[in-house]
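Working notes, structure below.
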Amino acid sequence: MYFDNKVVLITGGTGSFGKKITKRILETTVRKVIIFSRDELKQYEMKQELTDDRLRFFIGDVRDKDRLYRAFEGVDYVVHAAAMKHVGACEYNPFEAVKTNIHGAQNIIEAAIDKGVQKVVALSTDKAAAPANLYGATKLASDKLFVAGNSYAGDKNTRFAVVRYGNVVGSRGSVVPFFEKMRETGRLPITDERMTRFWITLDQGVQFVIDSFARMQGGEIFVPKIPSMKITDLARAVGPECEIDIIGIRPGEKLHEVMITEDDARRTVECDNYYIIQPEFPWWQATEIQDHELLDDGFKYSSETNEDWLSIEDLKMLINE
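Residues 24 to 344 (the working numbering) make up the sequence shown, in order.
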């Protein structure tokens with residue numbers, strides 16, 4: 024297994040994704056897993072749930088470079104999942120979003136290089152492609168920083184890659200728990216009935232990140248091929264008996280999400296079940312994907328024009344799982 028005898032650190036490790044990937048990594052012969060986050064209560068609860076002597080907990084914030092330097096001592100791989108992710112919270116607290124999502128990314132990069140970390144995979148979002156809100160804009164900046172970090176590393180061995188995907192079924196930030204709570208009222212609020220989103224399960228997201236560690240050279244943005252769903256279908260899957268209220272699009276919200284823009288497509292190659300957005304740097308040499316052709320001009324990977332769609336029955340099954 025890829026993590027055998029390695030030391031892995033996960034920023035934001037007490038979140039839905041962090042807990043899931045921690046469990047998966049602990050199934051290997053990993054030497055140590057370090058959870059780096061700023062919430063002591065969540066760390067305490069996670070410690071009660073996972074009683075493995077290879078697990079370590081670090082209280083810290085990605086904004087604090089000194090703390091990162093201490094935490095990264097002896098670390099081989101980093102999964103960077105810490106971020107301010109709520110669109111509304113970022114819109115109304117823009118300086119805080121910049122400090123965490125952009126300055127925090129720079130701190131991760133510098134600490135990883137200086138402490139000799141081998142590989143870093145940073146989690147991104149579909150909102151980073153053609154961003155319409157501050158959350159997406161900060162994650163786009165973060166993506167650019169991590170790709171450029173491979174140049175910044177110089178002759179050091181540290182390599183950085185990015186994973187970009189859409190809404191996660193089962194995460195705490197998903198709309199599903201909100202709909203399930205509102206179902207008790209008999210009414211579900213929807214911002215716009217035309218809205219579509221990309222959809223991925225937590226298990227699929229975790230596996231994609233793990234696979235990206237194995238396949239990365241450094242500088243790639245990996246995008247999985249995942250289905251789209253209509254927000255109205257999701258509402259019918261969660262509360263088929265509920266009335267739907269159209270409440271209007273919120274600040275920073277988009278009708279449809281994009282994971283590969285037309286400009287990105289010019290340097291993107293298609294693999295079996297994922298895409299690779301290649302970096303625009305002269306040092307990039309993609310030896311293992313030379314046989315893959317670039318996407319056609321005008322290609323755009325959008326939740327609206329996606330060829331793969333989830334039905335109401337599909338959504339019901341995913342939610343139950």
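Each residue gets a CB set at the ideal place from its N, CA and C atoms; glycine is no exception.
These numbers come from a predicted model, not from an experiment.
Asked	Found
Terminal residues of the alpha helix (DSSP H) in which F95 lies	Neither: F95 is in no alpha helix (DSSP H) and is coded neither H nor E.
Sequence-distant residues of its chain with Cβ nearer than 7 Å to A260 (five each side left out)	I335, L338, K339, I342
Whether A104 touches T34 by CB criterion (7 Å)	yes
Cβ separation of I102 and V232, assumed to be a contact under 8 Å, to the nearest whole Å	In the sequence on display, residue 102 carries Val and not Ile. Their Cβ separation, rounded to whole angstroms, is 6 Å, which keeps V102 and V232 in contact under 8 Å.
CB contact flag (R149, M252, <7 Å)	For the sequence presented, residue 149 should be read as Asp rather than Arg. Not in contact: D149 and M252 (Cβ atoms no closer than 7 Å).
Those residues which DSSP pairs with L211 across a bridge	I267
Close beta carbons around T219, own chain, < 6 Å, minus the five adjacent residues each side	S251, K253, H279, S326, E327
Selection from T291, F201, E285 that minimises the alpha carbon distance to E243	T291
For E243, the three-state DSSP class (helix, strand or coil)	coil
Outcome for N180 when other beta-carbon atoms lying within 10 angstroms are tallied against a minimum of 16	exposed
Sequence-distant residues of the same chain with beta carbon closer than 7 Å to A135, five excluded per side	F95, V101, V143, T181
Within 7 Å, strictly: CB atoms of I58 and V31	no
Touch test, the region 202–220 against the region 265–273, Cβ-Cβ under 8 Å, three pairs minimum	yes
N- and C-terminal bounds of the alpha helix (DSSP H) containing V170	157–175
CB of R187 within 7 Å of CB of S147, strictly	yes
Buried versus exposed call for W222 [16 or more other C-beta atoms within 10 Å across all chains shown]	buried
Runs of beta strand (DSSP E) wholly within the region 94–143 (minimum 3 residues, chain order)	100–103
Nearest-angstrom beta carbon gap, I300 and D287 [assumed within contact, 8 Å]	5 Å
Chain-order list of residues whose beta-carbon lies under 6 Å from that of V192 (same chain, five-residue window excluded)	T224, L341
For F231, three-class secondary structure by DSSP	helix
Integer Cβ distance of K65 from T37, believed to fall under 8 Å	4 Å
Euclidean distance between Cα positions of V121 and T161	6 Å
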